[in-house]
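Report on the following structure.
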Amino acid sequence: MGKYLVLWEVDWTKVPLNRKERGMGWNGLLALVKKDIEQGTQKDWGSFVGETKGYGIIEASEVEIAIQLQRYVPFVKFEIKAVATVDQVQEVIDDLKK
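Numbering of the sequence shown is given in this note's numbering, commencing with residue 225 and proceeding in unit increments.
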């Protein structure tokens, strides 16, 4: 199981112009995020203030992440980065010294 930084951005072509409809859509997306947090794979999540973008920290297998993120498609676009812990980076550095 790995740790991943997930950068997300709402696809504006899918956002309703009507304020109430937009609020209902956001509410649905946040309900999914809260469910992911409760299930334990989503370790952190945030929205960049004043933007329709943000980040998440997910700890799961690649397949689990793909399944989880498909629930947000086509309303959200993702960029995913694998993250190495300090111990993992130290292991790489130790190998360089051999």
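Think of the CB as a built atom: it goes at the ideal place given N, C-alpha and C, for glycine as much as any other residue.
It is roughly 10 Å from the alpha-carbon of Ser285 to the alpha-carbon of Thr265. Closest in C-alpha terms to Phe299, from the list Arg243, Met225, Trp250 and Lys244, comes Trp250.
DSSP places Leu256 within a helical segment (H, G or I) once states are collapsed to three. Apart from sequence neighbours up to five positions away, the residues of its chain that approach Arg246 with a beta-carbon distance below 7 Å are Val239 and Pro240, ordered along the chain. Counted as a single uninterrupted DSSP element, the stretch harbouring Leu320 is not any beta strand (DSSP E) but the alpha helix (DSSP H) occupying residues Val310 to Leu320. For Leu293, no beta strand (DSSP E) segment is defined; the enclosing uninterrupted segment is the alpha helix (DSSP H) at Glu286 to Gln294. Within a 10 Å sphere around the beta-carbon of Asp260 sit 16 or more other beta-carbons, which makes this residue buried. Boundaries cannot be given for Gly274, as no beta strand (DSSP E) includes it and DSSP labels it neither H nor E.
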